[in-house]
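Residue numbers (UniProt numbering), protein chains in the order written: chain G, 1 to 221; chain F, 1 to 221.
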């Protein structure tokens, strides 16, 4: 059985959601991001991204990490593309063109949307959304998301899904990246096709099940 | 013959280098980034990323774009992974594990190294490297590159190449992203394995040929 090192409050959500969609049994071994621990370097600290054992598995020092046979794979989005190809049936690509387009949209979302989205989420997480600086930062990042959101709006308005006219790993990868920016509620009001598509993605039973388990995981240790 | 829309002074370098490595004939149709033109919206402006004809091909409005049969593919790194799988022989993956690792390193470089590297290059391009603000920005971005460079140093010190113990598309994708930061000459002094690997990549005849053609292309129109 493939093993996933990570936690529900990390980018492992992407892989856990996909596994739920395709009925893949994935053993989750809990690894905490070091910043969530008071004393990550203490000898008895829970297994975390600075633990020697974890770093010997994955020198990148980031979660999630997938171990499947001899393969040790980091980068949540690469893990999803791999799992979908190998175990995903119709959630993976049917041909080389679909494979290329799934990679294209994954890279597009990771490079054009993840940075600004995370910045927006951090303003909210750290309680700065009501400060002038926080509002200014959100406005900047919303502006940065304008171009990619207009691209997505046009694409989803025509095709309904990211690739192949059906729900695939590309929808999961893009939806999970866009989720960060959702903490700014007015964001998607101007993008009805994106908004409807994202709500439909997040209404899926496999997303809901992942999301409920995530809510049960403590934020800080 | 596959057609690449782009220019030598754009991320199309990645695809043009790969094409040279594998002997792939690729027709280059010149598209300029709009910001390189004085009046990109003028009726007689050269074909550029705001031209209606280009936007109808690729609503993302960015170069490069590959057209191969029915496939219209954006995102230079996705284009390279596709070309390597389809036409690249040993520069592409030999199995699913290599395919996954090539995608992993591509995403790692795109998300952890491209942003800071481009910021460093822009400081130099716009002549701000001698100002206090410019020096401060470079210092910030060099710090941001520390973690990924340490990861690369460990990996290349052990394996010599990104994936499979041989030169592949993963080396091209990572080397091209790291190239932006090379404009800050002291950067790689602490990372001898990365430095040696990057110099070897850039000494390859296919890189040199691409680079010479790039130098011949005007920066501004």
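Just so you know, even glycine gets a beta-carbon here, dropped at the ideal spot from N, CA and C.
Check your understanding: With a cut-off of 9 Å, does the C-beta of residue 111(F) fall near any C-beta of chain G?
Key -> Looking up residue 111(F) in the second chain gives position 111. Among the residues facing chain G, residue 111(F) is included, as its CB has a counterpart in that chain under 9 Å away.
Practice item. State the Cα-Cα distance for the pair residue 139(F) and residue 93(G), rounded to the nearest angstrom. Key: Counting from 1 along the second chain, the entry for residue 139(F) is found at position 139. Counting from 1 along the first chain, the entry for residue 93(G) is found at position 93. The alpha-carbon atoms of residue 139(F) and residue 93(G) are separated by roughly 42 Å.
**Study point:** Of the residues 208(F), 205(F) and 175(F), the one placed nearest residue 197(F), counting alpha carbons only
**Key:** Taking the second chain and counting its residues from 1, the one referred to as residue 197(F) is at position 197. Ranking 208(F), 205(F) and 175(F) by Cα distance to residue 197(F) puts 175(F) first.
Review point. DSSP beta-bridge partners for residue 166(G)?
Key: Within the first chain, residue 166(G) is the residue found at index 166, counting from 1. Per DSSP, 163(G).
Exercise for review: Below 7 Å CB to CB, which residues in the same chain sit around residue 137(F) once its five sequence neighbours on both sides are set aside?
Suggested key: Your numbering for residue 137(F) matches position 137 in the second chain. Once the five neighbours on either side are set aside, the close Cβ partners of residue 137(F) are 119 and 123.
Point to revise | Run of the alpha helix (DSSP H) containing residue 31(F), from where it starts to where it stops | key: Against the second chain, residue 31(F) aligns to sequence position 31. Unbroken run through residue 31(F): none, as it is neither H nor E.
Review point. How would you call residue 220(F), buried or exposed, if buried means at least 16 neighbouring beta carbons within 10 angstroms?
Key: By 1-based counting over the second chain, the position of residue 220(F) is 220. The residue in question, residue 220(F), is exposed, as its Cβ has fewer than 16 Cβ neighbours within 10 Å.
Review point. Can you name the start and end residues of the beta strand (DSSP E) that residue 6(G) belongs to?
Key: What you label residue 6(G) is simply residue 6 of the first chain in a count that begins at 1. Its beta strand (DSSP E) spans residues 3-6.
Point to revise | In chain order, each alpha helix (DSSP H) run of at least 4 residues that lies wholly inside the UniProt domain "GST C-terminal" (95-219) of chain F | key: 96-112, 114-125, 132-144, 146-159, 169-179, 192-202 and 205-215
Exercise for review: Round the Cβ separation of residue 113(F) and residue 177(F) to the nearest angstrom and send it over; I've been treating them as touching at under 8 Å.
Suggested key: Taking the first residue of the second chain as 1, we reach residue 113(F) at position 113. Taking the first residue of the second chain as 1, we reach residue 177(F) at position 177. Going by Cβ atoms, the distance from residue 113(F) to residue 177(F) rounds to 5 Å, so yes, they are a contact pair.
Review point. Quick one, which residues of the region 126-146 of chain G are near chain F if we go by CB-CB under 8 Å, in chain order?
Key: none
Check your understanding: Does any CB atom of chain G fall closer than 9 Å to the CB of residue 79(F)?
Key -> One-based indexing of the second chain puts residue 79(F) at position 79. Yes, its Cβ sits closer than 9 Å to a Cβ of chain G.
Check your understanding: When the Cα of residue 193(G) is compared with those of 161(G), 27(G) and 183(G), which residue comes out closest?
Key -> On the first chain, position 193 is the one that residue 193(G) refers to. Per the Cα distances, 161(G).
Review point. Which residue or residues does DSSP assign as beta-bridge partners of residue 75(F)?
Key: Locating residue 75(F) in the second chain gives position 75, counting from the first residue. BP columns for residue 75(F) are empty, so no partner.
**Study point:** Residue-chain proximity (residue 195(F), chain G), Cβ-Cβ < 9 Å
**Key:** To locate residue 195(F), count along the second chain from 1; it is residue 195. Chain G, which has no Cβ nearer than 9 Å to the Cβ of residue 195(F), makes this no.
Point to revise | Distance between residue 7(F) and residue 110(G) (C-alpha atoms, nearest Å) | key: Here residue 110(G) corresponds to residue number 110 of the first chain, with the count starting at 1. Here residue 7(F) corresponds to residue number 7 of the second chain, with the count starting at 1. When rounded, the distance between both Cα atoms is 24 Å.
Review point. Would residue 10(G) pass as a contact of residue 79(G) if the rule is Cβ separation under 9 Å?
Key: For the purposes of this step, residue 10(G) is taken as the residue at position 10 of the first chain. For the purposes of this step, residue 79(G) is taken as the residue at position 79 of the first chain. Cβ atoms of residue 10(G) and residue 79(G): not closer than 9 Å.
Check your understanding: With DSSP run on the structure shown, which of helix, strand or coil describes residue 66(G)?
Key -> In the first chain, the residue the question calls residue 66(G) occupies position 66. Residue 66(G): strand per DSSP, three-state reduction.
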